[in-house]
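For reference, each letter of the sequence shown is one residue, going 298 to 502 in the working numbering.
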Amino acid sequence: MEVAIVGAGIAGCSAAAALADFCQVSLFEREAHPAIHSTGRSAAYFAPAYGNAVVRELTVAGDAFFRTPPDGFPSPELLRPRDALFIARETQRHSIEALAAETPHLTRLSGQALRAQVPILDTNVITAGLLDTSGGDLDVAALVQGFLAQLRANGGTATTQAGIQAIRRDGPRWTLLTPTGEFSCDVVINAAGAWADEVRVTRGR
Numbered sequence: 298m299e300v301a302i303v304g305a306g307i308a309g310c311s312a313a314a315a316l317a318d319f320c321q322v323s324l325f326e327r328e329a330h331p332a333i334h335s336t337g338r339s340a341a342y343f344a345p346a347y348g349n350a351v352v353r354e355l356t357v358a359g360d361a362f363f364r365t366p367p368d369g370f371p372s373p374e375l376l377r378p379r380d381a382l383f384i385a386r387e388t389q390r391h392s393i394e395a396l397a398a399e400t401p402h403l404t405r406l407s408g409q410a411l412r413a414q415v416p417i418l419d420t421n422v423i424t425a426g427l428l429d430t431s432g433g434d435l436d437v438a439a440l441v442q443g444f445l446a447q448l449r450a451n452g453g454t455a456t457t458q459a460g461i462q463a464i465r466r467d468g469p470r471w472t473l474l475t476p477t478g479e480f481s482c483d484v485v486i487n488a489a490g491a492w493a494d495e496v497r498v499t500r501g502r
């Protein structure tokens, strides 16, 4: 099966790397370099306690990968530990209590302990807090380069300055018109991020 992925941000690069194990994958990026928009500007903090239960489960599922990346990634340390602090006013204490119940690995902090973490906090206002020591900063550049290396190692291609000008359905396959010519495939994955709608409306041009 031949797959075309439009957009070489973190979504497109990671999807391309994963699918290249099973399919012939071609990744298309309209800019001169991959990942220069939202991915390149991302703060990229690994936050296991952030979000609802489904988001937290998805985040935790990536923990082992980030801490011990597979061969081919340019950095053995994709995640650099950095603590996070959840704080609340007294009127928000119920939210802190709910988070503590849902995520037992968090540590409750007293007012004094909160001040030790962030000295500028006014503990007359901020009365409850939780410390998360399981998070850290992610190396976005290393992630992108590692996924691209996996893609190429499995025979896939990544083409830059290849914005999609038109998409049409030709029988059972798709045809993409790019600045370098036409490309035919079985499946198109739209991973263009903020430009996903723009890619979508190219169909039929």
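Here a beta-carbon is modelled for each residue, glycine too, at the ideal position from N, C-alpha and C.
8 Å contact criterion, which residue i and residue j should meet: CB distance rounded
i      : j      : result
Ile307 : Ala346 : About 21 Å separates the two Cβ atoms, so there is no contact after all.
Thr424 : Glu387 : 5 Å
Ala305 : Ala455 : 6 Å
Gln321 : Gly478 : That belief does not hold up - the Cβ atoms of Gln321 and Gly478 are roughly 17 Å apart, past 8 Å.
Asp429 : Asp380 : 6 Å
Gln442 : Pro366 : Rounded, the Cβ-Cβ distance is 11 Å, inconsistent with contact.
Residue range of the alpha helix (DSSP H) that includes residue i
i      : result
Leu355 : 350 to 358
Arg449 : 437 to 450
Leu411 : 408 to 414
Residue i, enclosing beta strand (DSSP E) - first and last residue
i      : result
Leu474 : 470 to 475
Residues of its chain near residue i, where Cβ-Cβ distance is below 7 Å and the 5 sequence neighbours each way are ignored
i      : result
Gln447 : Ala314, Ala317, Gly369
Proximal residues to residue i (C-beta, below 6 Å), its chain only, five neighbours per side dropped
i      : result
Thr499 : Ile461, Ala463, Ile464
Arg327 : Gly460
Rounded C-alpha distance that separates residue i from residue j
i      : j      : result
Arg497 : Asn487 : 8 Å
Cys310 : Ala410 : 41 Å
Tyr342 : Gly432 : 7 Å
Asp436 : Val485 : 28 Å
Thr404 : Ala489 : 39 Å
Thr472 : Phe362 : 35 Å
Contacts around residue i, its chain only, beta-carbon distance under 8 Å, and the 5 residues preceding and following it disregarded
i      : result
Leu418 : Ile384, Leu411, Arg412
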